[in-house]
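J.: Submitted below is the structure of interest, expressed as structure tokens.
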Amino acid sequence: MDVAQRARVARATRLAGWLDTAFRIPGTRLRVGIDPIIGLLPGLGDAIAALVGGFIVWTAVRAGAPGPVVARMLGNVAIDAIVGAVPLLGTVFDIMFKAHQRNARLLADWAGQPAAVEARQVRLLAALALLVAALVSIAVAACAFGIWALLRLLG
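Given below as structure tokens:
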């Protein structure tokens with residue numbers, strides 16, 4: 033990893049720390065960042081956190097991270113923003129999931145061992161694609177069965 037790449041990873045890691053683990057909740061070992069705090073603002077807070085967290089993804093793109101790694105990072109930000117938008121439950125999810133820390137780790141891992149991380153991400157994305165295809169197939173089959181059963185009852 034060259035000096036510029038180390039600097040990018042360090043900036044992304046610092047930003048992830050601010051977003052996910054900047055403050056310790058007194059009396060606990062739990063750490064929170066700005067993300068769950070601004071996430072208390074319905075909708076707007078999670079959108080702002082997603083935009084700021086997008087900087088980590090942009091850093092990965094500028095560093096030359098491959099598509100599967102960037103896709104996983106975008107997925108982390110999307111999951112964080114979508115689930116985080118649910119009042120109260122979303123805040124708890126933000127505290128536990130720490131999407132920005134995950135993305136900074138993905139970036140650091142890729143920068144240190146690009147081939148191994150890319151292969152792992154390709155396998156993960158392929159497994160997720162198969163899972164989505166299976167769920168869609170089950171949903172289509174259930175709808176078809178429901179229509180068949182309804183027609184049979186009516187006819």
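Start counting the sequence shown at 33; every next residue gets the next number (my numbering). Even for Gly, the Cβ is constructed at its ideal location relative to N, Cα and C.
Are the CB atoms of A44 and A82 nearer to each other than 9 angstroms?
T.: no
J.: Hey, how far is the Cα of A140 from the Cα of V84?
T.: C-alpha separation (whole angstroms): 18 angstroms.
J.: Can you tell which of L138, V64, G96 has the C-alpha that lies nearest to the C-alpha of N108?
T.: Comparing Cα-Cα distances from N108 to each of L138, V64, G96, the minimum goes to L138.
J.: Given a threshold of 16 other Cβ atoms within 10 Å of its Cβ, counted over all protein chains shown, does V172 qualify as buried or as exposed?
T.: exposed
J.: Beta-carbon separation of A136 and L47 under 9 angstroms?
T.: yes
J.: Using C-beta distances below 7 angstroms, list every residue in its chain close to I70, excluding the 5 sequence neighbours before and after it, in chain order.
T.: G77, I80, A81
J.: Of the residues G65, A39, R38, which one's Cα is nearest the Cα of F125?
T.: G65
J.: Can you give the Cα-Cα distance for V101 and G144, rounded to whole angstroms?
T.: 13 angstroms
J.: May I have the straight-line CA-CA distance separating V115 from A131, to the nearest angstrom?
T.: When rounded, the distance between both Cα atoms is 11 angstroms.
J.: Between the C-alpha atoms of A54 and T123, what's the straight-line distance to the nearest angstrom?
T.: The alpha-carbon separation between A54 and T123 amounts to approximately 15 angstroms.
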